[in-house]
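2 protein chains.
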Amino acid sequence: MASNRFANTLEPPYFVVTFASQRLPGDEGYGEMAARMAELAAKQPGYLGVESARDGSGFGITNSFWADEESIRAWKRDVEHLMAQKLGRQQWYESYRVRIARVERAYGFDAQPNERT
Amino acid sequence: MASNRFANTLEPPYFVVTFASQRLPGDEGYGEMAARMAELAAKQPGYLGVESARDGSGFGITNSFWADEESIRAWKRDVEHLMAQKLGRQQWYESYRVRIARVERAYGFDAQPNERT
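Just so you know, the protein sequences line up as chains A and B, in that order. Numbering follows the UniProt record's numbering, with no gaps: position 9 of the first sequence is 9. Numbering follows the UniProt record's numbering, with no gaps: position 69 of the second sequence is 69.
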């Protein structure tokens, strides 16, 4: 029943990078680069998953999950990712905020169809 | 230049509650309740701000920011909020994931219009 939009993280502790951003109008290669970065990130050591949503106004949040802080630092320094970050500041984002946090507790809910009869 | 969709959090450490959810189709009073919960949360001790985005498929992420874990626990136990959580499981959400994390580092970017000339 659960959407595949959720990351299959295991028991805490692990780390989350919250990336909130306001996009500028126009694609300008953004979609292609975002797909490439998602693909590359998923291959990094310590990567646990990602959850992402962007609304019609271009405001979006991407939460990526990592086993440890060193994995996060290594991904930030990845050469292709550094290039994407630079293009992000030059042409894709009006503003963004990044927060690196240690997940201490987690829980969730998945409806069963027959719970709502 | 910065969108008012960003929370004006101060220097870490502080806490984030990431709430990722898949909505069921139809409003069923959700919009009104979400607005009421946002208003109530903002009055809680320790509340620092919120950032939220939901896409056209009904998948959304809300990150709320708090001064400490006790503030998070107190808000979770708020009577009106408990009622909203129950309705959420009964009629609004197919699935959700909640993660409580301690923000250790944060940074951001705001474009200056003349940076792109």
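Don't be surprised by glycine CBs; every beta carbon is placed ideally from N, CA and C.
Whole-angstrom C-beta distance between residue j and residue i, which should lie under 8 Å
i	j	result
Ala67 of chain B	Gly88 of chain B	About 25 Å separates the two Cβ atoms, so there is no contact after all.
Val17 of chain A	Ile72 of chain A	6 Å
Val103 of chain B	Tyr30 of chain B	Not really, about 28 Å apart at Cβ, beyond 8 Å.
Gln91 of chain B	Glu28 of chain B	5 Å
Ala101 of chain A	Ala101 of chain B	4 Å
Outcome for residue i when other beta-carbon atoms lying within 10 angstroms are tallied against a minimum of 16
i	result
Arg99 of chain B	buried
Tyr107 of chain B	exposed
Arg36 of chain B	exposed
Gln22 of chain B	buried
Arg97 of chain B	buried
Ser95 of chain B	buried
Glu11 of chain B	exposed
Glu70 of chain B	exposed
Ser52 of chain B	buried
Asn63 of chain B	buried
Ala7 of chain A	buried
Chain B residues whose Cβ lies nearer than 9 Å to that of residue i
i	result
Arg77 of chain A	Here the premise fails: no neighbours, minimum Cβ distance about 15 Å.
Ala35 of chain A	Within chain B, no residue comes near Ala35 of chain A; the closest Cβ sits about 16 Å away, beyond 9 Å.
Closer than 7 Å at the beta carbon, the chain B residues around residue i
i	result
Leu99 of chain A	As written in the sequence, residue 99 of chain A is Arg, which differs from the Leu given in the question. Neighbours of Arg99 of chain A on chain B, chain order: Val16, Val103 and Ala106.
Beta-carbon neighbours of residue i, restricted to chain A and to distances below 9 Å
i	result
Gly60 of chain B	Ala53, Asp55 and Ile61
C-beta neighbour in chain A for residue i, strict 7 Å
i	result
Ser71 of chain B	no
Residue i CB to nearest heavy atom of the ligand GTP below 6 Å
i	result
Ala53 of chain A	Inclusion of the ligand GTP in the displayed structure is not the case, the ligand content being empty and no account of it being possible.
Residue-chain proximity (residue i, chain B), Cβ-Cβ < 7 Å
i	result
Pro13 of chain A	no
Leu10 of chain A	no
**Asked** Does the segment 76 to 87 of chain B come close enough to the segment 36 to 56 of chain B that 3 or more CB-CB pairs lie under 8 Å?
**Response** Taking 8 Å as the limit for Cβ pairs, the verdict is that the segment 76 to 87 of chain B does touch the segment 36 to 56 of chain B.
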